[in-house]
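Under our numbering, the final residue of the sequence shown carries the number 103; numbering is consecutive throughout. We put the CB at the ideal spot given by N, CA and C, even for glycine. Below is one structure, written out as structure tokens, with a few remarks after it.
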Amino acid sequence: MNADLLNYYEAIEKASADMLAAARTGNWDEVVKLEGACVLLISQLKAAATHSQLAGGETQLKTRIMQRILLNDAEIRHLAEPWLEDLDHVLQGKSRLVH
Numbered sequence: 005m006n007a008d009l010l011n012y013y014e015a016i017e018k019a020s021a022d023m024l025a026a027a028r029t030g031n032w033d034e035v036v037k038l039e040g041a042c043v044l045l046i047s048q049l050k051a052a053a054t055h056s057q058l059a060g061g062e063t064q065l066k067t068r069i070m071q072r073i074l075l076n077d078a079e080i081r082h083l084a085e086p087w088l089e090d091l092d093h094v095l096q097g098k099s100r101l102v103h
């Protein structure tokens, strides 16, 4: 059962890496789609964690996976900042786009 928990963490890490790859190419629709997949995986992980726990070595692996997920998330947020600023300007009627 513990392997199942690690599989969830690894699947979330993979989805976050895919989100980062999409963000790097500016494919924000794909980022949003993958974010939805992460939400589902996290929900499934929470449910599975109520029935099982990780052993010592597995906890260390989980920590390394979580660190990579957090690094991916930080870079995605950094890449999204200009896009979010542009969106904010558009919503405020101050579009910087030239037509």
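With three or more beta-carbon pairs closer than 8 Å as the criterion, would you say the segment 71 to 88 touches the segment 17 to 29?
The segment 71 to 88 and the segment 17 to 29 touch, with no fewer than 3 CB-CB distances between them shorter than 8 Å.
Anyone know if the C-beta pair for A19 and A41 falls short of 8 Å?
Their beta carbons are under 8 Å apart, which means A19 touches A41 by this criterion.
Kindly indicate which three-state DSSP category L95 falls into: helix, strand or coil?
Residue state, collapsed to three classes: helix.
What's the C-alpha gap between Q71 and Y12?
Using only the alpha carbons, I get a separation of about 15 Å.
Measure how close the beta-carbons of L44 and L9 come, nearest whole angstrom, since I'm counting them as under 8 Å.
Not confirmed; about 16 Å, so no contact.
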